[in-house]
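Notes to accompany the following structure.
Chains as they are written, first to last, in this note's numbering: chain F, 1 to 295; chain B, 1001 to 1304.
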């Protein structure tokens, strides 16, 4: 401290006060974010933990008077009203979600590889066309889709929903893969080509492993889109074939539905995406920080 | 290309795409060309069958001029256009700006802020339909919000969905709640690419706090901010779930947006052509936005 400037104390005090204010400010902001993020989630638990079904949930309680997990049991054993086929719906969600994920990753990465890596001439046309998909919002095309799926013989067929989800997930996938691909050097591709590797080998052995972080982001995005969508499954599928995300929406103004079970189902439904995020966390974080690490 | 060059690639709009690469455009031959074509075939098929065909079908359905006369005569059509404009204009801009600011907060190196980020992302993981239903119930007369206001301040809130602008307001809040985390993470990733040294030298020059944000951070992120905003506008104009399940379009269709009104025409009153026409009226605005977006992506090196 002997080398400190002429007025060390006020300076240090000012610095300390500023640091204290910044810390206090960020704690307050943190609390605000916590309340903001969790209020609707808390509301789900509030309703789900109430043992009574029906309108009793909505009497201004801030805490369930006698919390119980009965509604979760009713969902899992399929005894709740309107949720008699919960596991069938859950299976539909999983089928649609997983196939959308796989198809989006495969179709998107093949197209990005051909355009970005093999430098197909006029390839930019394809990526532009892909982005053009978003000029017409998905919800605006629901009527033509509904008709077309009937003519294709895909009415009330899970594949109709998968086709729609892949259609709207792939442009974003191509966008992300293109942008991320610019960060990955092409030297490896080139030297593999010199060594006589075929295009397929380069795609499988070099491109896919190098792009893993971006592919993980694309996979999470596609699964989330299909798993959580409401409009397309609700229009394209018959009631008995719904996904879980649709059920609550279809009854949303029905005060007589077993809302505690409905909300319990919604909470159970969030668990698989959270598990997937945890599994892929390493890759997602890697893709986010990759450039900072300097590739 | 050194790592710093790559880090800075967010900043300058480089004129040529794929700069720093050996130029190999249009030199694919033989087996390679066949493979490249085979690789784009799946997506081309998806695009033709599930984008071009339905879009052409929609244009054909909405091609009768009388439909538009009918729309203009419908007293709920003009308010719907206004609602859509307010919903998209306020929703997207407030969401994007807050996401940009909050991404700075989440950059702070504290363990509890990392933990908070996990909680903050939760809304994005929850299905929009189920989250919106939770909002809907939360705002009922005896719901959580009115419960809290009467417990804290002794006032019972209004019947939220009995008023057009209260309903639109809650639709926007639910929309921001659901989608802000996604964009915050995108901006967080972009911020992580800004090299430490830039901030260090800015600090030497005396730029801290708000001035650092205005003069250093924001210019570096401006390009990606614009791109994300454009993309988000396109997605939000088509947002059906929020309005359909938070306010339900009520009271008396006064909070509807184009997506929900089109749905109402098509499936509730069995006038599918009118439903398509209602939505297609937005195309003159959407297509230019999409074109600007494509141009921007072509001419600038923007990351994630």
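Using N, Cα and C, we set each Cβ at its ideal position, and we do this for glycine too.
query: Cβ-based neighbour list, residue 155 (chain F), same chain, cut-off 7 Å, excluding 5 preceding and 5 following; result: 149
query: Under the three-state DSSP convention, the category residue 1282 (chain B) falls into; result: coil
query: Cβ-based contacts, 8 Å cut-off: residues of the segment 1227–1254 of chain B near chain F; result: 1231, 1234, 1235, 1237, 1238, 1239, 1240, 1241, 1244, 1245, 1248
query: Rounded C-alpha distance that separates residue 1241 (chain B) from residue 1174 (chain B); result: 11 Å
query: Length-filtered (4 minimum) alpha helix (DSSP H) runs lying within the segment 89–164 of chain F; result: 123–132, 142–151
query: Exposure of residue 1248 (chain B), with buried meaning 16 or more beta-carbon neighbours within 10 Å; result: buried
query: Residue-level contact to chain F via CB, residue 1099 (chain B), 8 Å cutoff; result: no
query: Neighbour flag for residue 46 (chain F) against chain B, beta carbons, 8 Å; result: yes
query: Closest residue to residue 1181 (chain B) among B:1115, B:1164, B:1102, B:1053 (Cα-Cα distance); result: B:1102
query: 7 Å Cβ cut-off: residues of chain B touching residue 85 (chain F); result: Simply none; closest approach about 17 Å.
query: Collapsed DSSP secondary structure at residue 276 (chain F) in the structure displayed; result: helix
query: Cβ contact check for the segment 1216–1234 of chain B and the segment 1131–1150 of chain B: 3 or more pairs under 8 Å; result: no
query: Extent of the continuous alpha helix (DSSP H) to which residue 1136 (chain B) belongs; result: 1128–1138
query: Interface flag, residue 148 (chain F) vs chain B, CB-CB below 8 Å; result: yes
query: Straight-line gap, residue 176 (chain F) to residue 1176 (chain B) (C-alpha atoms, nearest Å); result: 23 Å
query: Coarse secondary structure for residue 63 (chain F), derived from DSSP in three states; result: coil
query: Boundaries of the alpha helix (DSSP H) in which residue 1104 (chain B) is found, first to last residue; result: 1077–1105
query: Within chain F, the residues that residue 1042 (chain B) reaches when beta carbons sit closer than 8 Å; result: 106, 107, 110, 111
query: Close Cβ partners of residue 116 (chain F) (< 8 Å) along its chain, the five nearest in sequence each way excluded; result: 123, 177, 178, 181, 182
query: Residue 189 (chain F) beta carbon less than 8 Å from that of residue 206 (chain F); result: yes
query: Residue 1218 (chain B) burial status per 10 Å Cβ neighbour count (16 or more: buried); result: exposed
query: Supposed close pair residue 132 (chain F), residue 1279 (chain B) - CB separation, criterion 8 Å; result: With a Cβ gap of about 16 Å, residue 132 (chain F) and residue 1279 (chain B) do not count as contacting.
query: Whole-number beta carbon distance between residue 1275 (chain B) and residue 161 (chain F), since they are thought to touch under 8 Å; result: Not confirmed; about 20 Å, so no contact.
query: Proximal chain B residues relative to residue 249 (chain F), where beta-carbon distance stays under 7 Å; result: 1129, 1133, 1245
query: Collapsed DSSP secondary structure at residue 82 (chain F) in the structure displayed; result: coil
query: Partner residues on chain F for residue 1276 (chain B), Cβ-Cβ distance less than 8 Å; result: 140, 143, 144
query: Nearest to residue 95 (chain F) (by Cα), restricted to the options F:218, F:194, F:163; result: F:163
query: Supposed close pair residue 1094 (chain B), residue 1236 (chain B) - CB separation, criterion 8 Å; result: With a Cβ gap of about 12 Å, residue 1094 (chain B) and residue 1236 (chain B) do not count as contacting.
query: Helix, strand or coil at residue 74 (chain F) [DSSP, three-state]; result: helix
query: Coarse secondary structure for residue 1156 (chain B), derived from DSSP in three states; result: coil
query: Simplified DSSP state of residue 250 (chain F), which is helix, strand or coil; result: helix
query: Straight-line Cα distance separating residue 211 (chain F) from residue 283 (chain F); result: 10 Å
query: Residue burial classification, residue 74 (chain F) (beta-carbon count within 10 angstroms, cutoff 16); result: buried
query: C-beta atoms of residue 171 (chain F) and residue 134 (chain F) nearer than 8 Å; result: yes
query: Residues that residue 1109 (chain B) contacts on chain F, provided the C-beta gap is smaller than 9 Å; result: Result: empty, since nearest Cβ-Cβ is about 11 Å, beyond 9 Å.
query: Segments of 4+ residues assigned as alpha helix (DSSP H) that fall wholly inside the segment 1236–1301 of chain B; result: 1241–1245, 1258–1263, 1272–1280, 1283–1299
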